[in-house]
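Peer 1:
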Amino acid sequence: MRMLATTAIVAMTLLAGSAAASAVMPGAVDPVRSRQAANEVTIGQDGSYQVVLSEKVEMRAEAHFSFGGTVHDGFRLSDDGSVIPPYLRAEYAAPESTIDGAAVSSAFEVQNHAVSIAVGDDFDEGTHRGAIRYDVTSAAVPTADGYVVYVRPIALGETTITATDAIASVECVGIPPDAAECGHETADAWVIGADEFGIAGVVKITLAGDPDGVADAHIDRG
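Sequential numbering from 32 applies to the sequence shown in my numbering.
1. Taking F139 as the reference, which of M90, A124, F96 has the closest Cα?
2. Since A194 contacts G177 with CB under 8 Å, what's their CB separation in whole angstroms?
3. Take the Cβ of S79 as the centre, count every other Cβ of all protein chains shown within 10 Å, and call the residue buried at 16 or more, exposed below.
4. Classify A149 as buried or exposed, calling it buried when 16 or more other Cβ atoms lie within 10 Å of its own Cβ.
5. Give me, in chain order, the residues of the same chain whose beta-carbon lies closer than 6 Å to that of E212; leave out the 5 immediate sequence neighbours on both sides.
6. Is the beta carbon of P208 less than 8 Å from the beta carbon of S109?
7. Which class does D267 belong to by DSSP, given the choice of helix, strand or coil?
8. Cα-Cα, which of V141, G151, V167 is closest to A133?
9. Can you find at least 3 beta carbon pairs, one from the region 111–119 and one from the region 229–236, that sit closer than 8 Å?
Shown next, in the form of structure tokens:
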């Protein structure tokens, strides 16, 4: 089977959504029977983190399908009295991908403030799996006694968060910058259900740690 990496581009208004797997003409049968996604987020002491996105698709017919998606690179911060609200600009890098266990190249593109990471192929009927690992930096801001990390998965699904420092709280963002507590704590992680994400598709994680260890944030007011 010929592996083919493809870029998934969607409208910037879909801040939380992933790119559509394929366009289905009116009256046509959707070749995708079902799609599931899960994210594992691992946060370092400097506020940077790694995301491993695992997706499973059930195809009812032979067709092209892309794992991954497109996200906005900005996180709306709390108002600070300025006329233009502050946005934290994150940087994405180092995507590595597999399809059905075989390593493949990712389509990785940053256009304006849209970050696209995707990998696709022509699939036969049946179950297929894709995984994308990528790194995110400049998505954290220090606080008086710790730091806050922002995460926006490129594909929404159950999300498991672990960190070197202790997690003090986890909130899902609705209409930015408003957020509410979400998910639940386990013995060694924090887990957020796929249906718990707010409209922004963003998770705000507050950690207890050394704020001086967090890299300087890129705050955009443009």
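Ideal placement from N, C-alpha and C gives every residue a C-beta, glycine not left out. Remember, it's a predicted structure, so these values are computed and weren't measured experimentally.
Peer 2: With the given structure in hand:
1. Taking the sequence shown and counting its residues from 1, one reaches residue 139 at position 108. Among M90, A124, F96, the Cα nearest to that of F139 belongs to A124.
2. As a working note, residue 194 is residue 163 in the sequence shown. As a working note, residue 177 is residue 146 in the sequence shown. Contact flag wrong, Cβ pair sits at about 11 Å.
3. Counting from 1 along the sequence shown, the entry for residue 79 is found at position 48. S79 is buried by the Cβ-count criterion.
4. Residue numbering aside, residue 149 sits at position 118 when the sequence shown is read from its first letter. Looking at its Cβ environment, which holds 16 or more other Cβ atoms inside 10 Å, A149 is buried.
5. Mapped onto the sequence shown, residue 212 falls at position 181. The answer, listed in chain order, is E202.
6. Residue mapping note: residue 208 aligns to position 177 of the sequence shown, counting from 1. Residue mapping note: residue 109 aligns to position 78 of the sequence shown, counting from 1. Their beta carbons are under 8 Å apart, which means P208 touches S109 by this criterion.
7. Residue 267 lies beyond the range of the chain shown here (32 to 253); nothing can be said about it.
8. Here residue 133 is taken as the residue at index 102 of the sequence shown, counted from 1. The option with the nearest alpha carbon to A133 is G151.
9. no
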